[in-house]
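All the letters of the sequence shown, read from the start, carry residue numbers 3 to 461 under my numbering. Here a beta-carbon is modelled for each residue, glycine too, at the ideal position from N, C-alpha and C.
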Amino acid sequence: MKFDFKEEDLIIKPYKTESAVYVRKQKGRYQRIRQFTGLAFVLLFVLVPWLNFQGHQAILLDIGKQQFHIFSQTFFPQDFTLLAGALIVSCYLLFFVTTWLGRIWCGYTCPQTVWTFAYIWVEEWLEGSRNQRIKRDKQPITLDTLARKSAKHLIWGLMAFLTATTFISYFLPARALYLDLLQWQWDSLTTLWVLFFAVCTYGNAGWLREKMCIYMCPYSRFQSAMFDKNTLLVAYNKLRGENRGARKRKDDPKALGLGDCVDCNLCVEVCPVGIDIRNGLQYECINCGACVDACDQTMSKFNYAKGLISYTSENALLGKKTKLFRAKIIGYGILSILAMLFMVYTIEARVPIEFSVLRDRGALFQLDFKDNVTNSYLLKITNKSQIDRKFNISVLNNNVSLSVDNNIFIKGGEIVSVPVHLTMTSDAIKERVSEVSLQVSVSDMPEVKRVTVTKFFAN
Ligand code: SF4
Ligand code: SF4
Numbered sequence: 003m004k005f006d007f008k009e010e011d012l013i014i015k016p017y018k019t020e021s022a023v024y025v026r027k028q029k030g031r032y033q034r035i036r037q038f039t040g041l042a043f044v045l046l047f048v049l050v051p052w053l054n055f056q057g058h059q060a061i062l063l064d065i066g067k068q069q070f071h072i073f074s075q076t077f078f079p080q081d082f083t084l085l086a087g088a089l090i091v092s093c094y095l096l097f098f099v100t101t102w103l104g105r106i107w108c109g110y111t112c113p114q115t116v117w118t119f120a121y122i123w124v125e126e127w128l129e130g131s132r133n134q135r136i137k138r139d140k141q142p143i144t145l146d147t148l149a150r151k152s153a154k155h156l157i158w159g160l161m162a163f164l165t166a167t168t169f170i171s172y173f174l175p176a177r178a179l180y181l182d183l184l185q186w187q188w189d190s191l192t193t194l195w196v197l198f199f200a201v202c203t204y205g206n207a208g209w210l211r212e213k214m215c216i217y218m219c220p221y222s223r224f225q226s227a228m229f230d231k232n233t234l235l236v237a238y239n240k241l242r243g244e245n246r247g248a249r250k251r252k253d254d255p256k257a258l259g260l261g262d263c264v265d266c267n268l269c270v271e272v273c274p275v276g277i278d279i280r281n282g283l284q285y286e287c288i289n290c291g292a293c294v295d296a297c298d299q300t301m302s303k304f305n306y307a308k309g310l311i312s313y314t315s316e317n318a319l320l321g322k323k324t325k326l327f328r329a330k331i332i333g334y335g336i337l338s339i340l341a342m343l344f345m346v347y348t349i350e351a352r353v354p355i356e357f358s359v360l361r362d363r364g365a366l367f368q369l370d371f372k373d374n375v376t377n378s379y380l381l382k383i384t385n386k387s388q389i390d391r392k393f394n395i396s397v398l399n400n401n402v403s404l405s406v407d408n409n410i411f412i413k414g415g416e417i418v419s420v421p422v423h424l425t426m427t428s429d430a431i432k433e434r435v436s437e438v439s440l441q442v443s444v445s446d447m448p449e450v451k452r453v454t455v456t457k458f459f460a461n
């Protein structure tokens, strides 16, 4: 037997070879919704670092100082359990929305999609429509093409730079960051991080695009595990559409043995991930609805009913009823609400004081001429709120006195070290080592307090 193999057939390639995806511009109801959600998302992203709350940047994740300011709250690395809680809430919400509406997050709000569409908009503006871009790329490069492509990359670069600077302004004070930029005074670390995120944005939205969703995004890999027969997905109605085929507007499709798909290929040309939805549900589909708008437009031209491609469920396609309330959705909904309530309770119940007690390592104790014993400590008090406050230090044991001004002023989000001395009179000493309780409370809110127990050595 003779096998006819070419050498390249024997090489296993990790990825299939793909040609560039030229996305056709599409108008329609879902594109308007996406433009609106995308714009709202971008505005939120850009404006949030400029929001001030009680004289501070409302959201500032200060990694250098290890303080994370979110409106009235300041979080410290010790509060990282709250971050785990926030991730759990996000996961349950994502599961809930995905089970109900499929990959709606990917199609309408994912930053990768929003930025990719913005980059495509610039591309279309400078290089023309899909067909013009394909033609241009096939032809030898001209001065006009060079100028247009250079302008495109320049604008993409600028968009990437502004995106990266905005992103960094969540980690460094925004006003100072832009002021320093205008005066060319960024330090090398800031410059490096901004350039890093700018390159990531430019690469992801300008070049990688759908490959990011197909090969790198973990969500696209596991989202189908959340789908069921009632999940809303973008799907082609095969029963109605086949046999597909070109025809004139006046033709009777039944007489020609055709279904409603006129094989115009628009659903493929507008698809940002370059798939043909007529081949069935595919994990690459980001549920953006561009093919729905494109197909509805064609259906209208031919005077056919809209919805050959639509947001629908597997059950609806089989002529069954789509069930909204089902065990999985109710379960994820309840878990999301419980997790959110728990987070709100944890944040509300959070005492805005953190304090630790360190013993003086130099001497275990000191005796005065009356044999009274003194122990020395260092208190580290953290004001975990964004408000400047006075704190009261006290000792809860009757037989111990405190030698420190017990009204300490601490600015919002700051940590101060306070040396304190505790003294026990000689007649009160009963044991060699006893326990003393130190309390720090907010001066004008005595009910907000923290107590720490430490050792007191008498000999
Ligand atoms: S198949 Fe349709 S919904 Fe899915 S990504 Fe492509 S255009 Fe968007
Ligand atoms: S847009 Fe509609 S009619 Fe045109 S090829 Fe796609 S499914 Fe068929």
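(request) Measure from the alpha carbon of Asp295 to the alpha carbon of each residue in Val23, Ile35 and Ser21, then state which is nearest. (result) Ile35
(request) Kindly examine ligand 2 and report whether one of its heavy atoms sits closer than 8 Å to the Cβ of Ile311. (result) yes
(request) Can you give me the start and stop residues for the alpha helix (DSSP H) that Lys240 sits inside? (result) Lys240 to Gly243 is the extent of the alpha helix (DSSP H) around Lys240.
(message) Along the chain, where does the beta strand (DSSP E) containing Gln69 start, and where does it finish?
(response) Gln69 to Ile72
(request) Can you tell me the Cβ-Cβ gap for Gln28 and Ala292, rounded? I've got them flagged as a contact below 8 Å. (result) 5 Å
(message) In whole angstroms, give me the CA-to-CA distance for Phe78 and Ala86.
(response) Rounded to the nearest angstrom, the two C-alpha atoms are 14 Å apart.
(request) Determine the closest residue to Cys290 out of Phe97, Ser443 and Val116, with distance taken between C-alpha atoms. (result) Val116
(message) Any heavy atom of ligand 2 inside 8 Å of the beta-carbon of Ala296?
(response) yes
(message) When you measure from the CB of Val116 to every non-hydrogen atom of ligand 1, does any distance come out below 8 Å?
(response) Checking the Cβ of Val116 against ligand 1 gives no.
(message) Restricting to Cα atoms, I'd like to know which of Leu128, Leu53 and Asn461 is closest to Ala365.
(response) Nearest to Ala365 by C-alpha distance, out of Leu128, Leu53 and Asn461, is Asn461.
(request) Tell me whether Tyr334 sits in a helix, a strand or coil according to DSSP, three-state version. (result) helix
(request) Would you list the residues whose beta-carbon is nearer than 5 Å to any heavy atom of ligand 3, in the order they occur in the chain? (result) The model on display carries ligand 1 and ligand 2 but not ligand 3.
(request) Between the Cα of His423 and those of Val444, Leu380 and Asn409, spot the shortest distance and give me the residue it belongs to. (result) Leu380
(request) With DSSP as the reference, label Gln28 as helix, strand or coil. (result) coil
(message) Suppose the cutoff is 8 Å on Cβ atoms and the five residues either side in sequence are ignored; what does the same chain contact list for Met345 look like?
(response) Leu84, Gly87, Ala88 and Val91
(message) In chain order, what are the residue ranges of uninterrupted alpha helix (DSSP H) at least 4 long that sit wholly in the segment 83–148?
(response) 106–110, 113–129 and 132–140
(message) Assuming Ser405 is part of the beta strand (DSSP E), what are its boundary residues?
(response) No beta strand (DSSP E) holds Ser405; DSSP gives it neither H nor E.
(message) Tell me the residue span of the alpha helix (DSSP H) that contains Tyr221.
(response) Pro220 to Phe224
(request) Starting from the C-beta of Ile136, find all residues in its chain whose C-beta is less than 7 Å away, skip the five residues before and the five after it, and write them out in chain order. (result) Tyr24
(request) Please report how far the alpha carbon of Phe43 lies from the alpha carbon of Glu449, in whole angstroms. (result) 41 Å
(message) Can you look up Cys215 in the DSSP assignment and give me helix, strand or coil?
(response) The three-state reading of DSSP puts Cys215 in helix, counting H, G and I together.
(message) Considering only heavy atoms of ligand 2, does any lie closer than 8 Å to the CB of Gly243?
(response) Answer for Gly243: yes, Cβ within range of ligand 2.
(message) Alpha carbons only, please: which of Cys287, His58 and Phe357 is nearest the one belonging to Thr456?
(response) Phe357
(message) Taking the beta carbon of Phe327 as the centre, do at least 16 other beta carbons fall within 10 Å, making it buried, or is it exposed?
(response) exposed
(request) Quick one: residues in its chain with C-beta nearer than 8 Å to the C-beta of Asn305, no 5 flanking neighbours on either side, listed in chain order? (result) Arg251
(request) Compute the distance between the beta-carbons of Gly30 and Asp298, then report whether it is under 9 Å. (result) yes
(message) Considering just the uninterrupted stretch of the beta strand (DSSP E) at Met228, what are its terminal residues?
(response) From DSSP, Met228 is part of no beta strand (DSSP E); its letter is neither H nor E.
(request) Give the straight-line distance between the Cα atoms of Thr324 and Lys231, rounded to the nearest whole angstrom. (result) 8 Å
(request) Determine the direct distance from the alpha carbon of Asn245 to that of Ile331, and round the result to whole angstroms. (result) 36 Å
(message) Using the Cβ count rule (16 or more neighbours within 10 Å means buried), how would you classify Glu433?
(response) exposed
(request) Provide the residue(s) that pair with Tyr379 in DSSP beta bridges, ordered along the chain. (result) Arg361 and Val422
(message) Only counting the same chain, and skipping five residues up and downstream in sequence, which positions put a Cβ closer than 6 Å to that of Gln56?
(response) Gln388
(message) Between the alpha carbons of Lys303 and Gln75, how many angstroms are there, rounded?
(response) 56 Å
(request) Could you spell out the range, first to last residue, of the alpha helix (DSSP H) harbouring Pro255? (result) Pro255 to Leu258
(request) Work out the CA separation of Val442 and Lys413 for me, nearest whole Å. (result) 15 Å
(message) Can you tell me whether Ala237 is helix, strand or coil according to DSSP?
(response) strand
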